[in-house]
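Engineer: Residue numbers (my numbering): 46 to 182.
For each residue, glycine too, the CB sits at the ideal point set by N, CA and C.
Here the structure is a predicted model, which is why all the values come from computation and not from measurement.
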Amino acid sequence: MPHKDPEKRKEYNRKYHEKNKEKKAEYNRKYNEKNKEYYKDYVKKYYEKNKEKIAEYDQTPARKKSHRIYYWKRRGVICDDWDVLYERYLNTEFCELCNIKLTEDKTNTKTTRCLDHDHNTGEFRNVVCWLCNIKRR
């Protein structure tokens, strides 16, 4: 029975979730499969209706930041403070290894700014140019 006390309710919910994890996962799988087409159409219509608004948001600093951090996480970068790392990335003007002026390019050039990390541990190392990043792999 759920409790009125927030701490007890939180503990009850945690235990319930643990106890029923498989049951809930199976329910969600079935629900998603059953409603796949509905959500596919819903999302498509939403994007068509809000195309300009979405394109406008994609150009905001907040979106660029969240996208960049998401990309780093997907690549396996490990960091304690993403905000500090992002600020360092943005504010680094010269490669920390060869001291060449860094650029922001749509395609990779020798001077494109990169976040270098250890591929085994995931730990961040430096903000470097694309060429130095390739050499360190």
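DSSP three-state call for Asn95: helix, strand or coil?
Structural biologist: Three-state DSSP puts Asn95 in coil, outside helix and strand.
Engineer: Nearest-angstrom Cα distance between Glu56 and Lys66?
Structural biologist: Taking the straight line from one Cα to the other gives about 15 Å.
Engineer: Which residue from Trp175, Glu93, Phe139 and Asp163 puts its Cα closest to that of Thr152?
Structural biologist: Comparing Cα positions, the closest option is Trp175.
Engineer: Which partner residues of Leu160 appear in the DSSP bridge assignment?
Structural biologist: Answer by DSSP bridge pairing, in chain order: Val172.
Engineer: Quick one: measure Cβ to Cβ for Ile114 and Tyr131, integer angstroms, because I've assumed they're closer than 8 Å.
Structural biologist: 6 Å between Cβ atoms; contact.
Engineer: Are the CB atoms of Val172 and Thr137 nearer to each other than 9 Å?
Structural biologist: For Val172 and Thr137, yes; Cβs fall inside 9 Å.
Engineer: Should the segment 116–131 be called in touch with the segment 157–170, which here means at least 3 C-beta pairs below 8 Å?
Structural biologist: In short, these stretches touch, since the Cβ pair count reaches three.
Engineer: Would Asn178 be called buried (16 or more neighbouring beta carbons within 10 Å of its own) or exposed?
Structural biologist: Buried, by the Cβ-count rule.
Engineer: Please report the straight-line C-alpha distance between Tyr92 and Glu82, rounded to a whole angstrom.
Structural biologist: Each residue's Cα considered, the two are about 15 Å apart.
Engineer: Which value, in whole angstroms, describes the spacing of the CA atoms of Arg6 and Lys109?
Structural biologist: It is not possible to answer for residue 6, since the shown part of the chain is limited to 46 through 182.
Engineer: When the distance is taken between beta carbons, is His62 closer than 9 Å to Lys69?
Structural biologist: Yes, the pair counts as a contact, with Cβ atoms nearer than the cut-off.
Engineer: With 16 other CB atoms within 10 Å as the buried threshold, where does Arg37 fall?
Structural biologist: This structure gives no information on residue 37, because the portion of the chain shown stretches from 46 to 182.
Engineer: Measuring CA to CA, which of Ala100, Pro106, Lys90 and Thr156 is closest to Asp128?
Structural biologist: Checking every option, the nearest Cα to that of Asp128 belongs to Pro106.
Engineer: Between which residues of its own chain and Gln104 is the CB-CB distance below 8 Å, once the five residues before and five after are set aside?
Structural biologist: Nothing listed; no residue qualifies.
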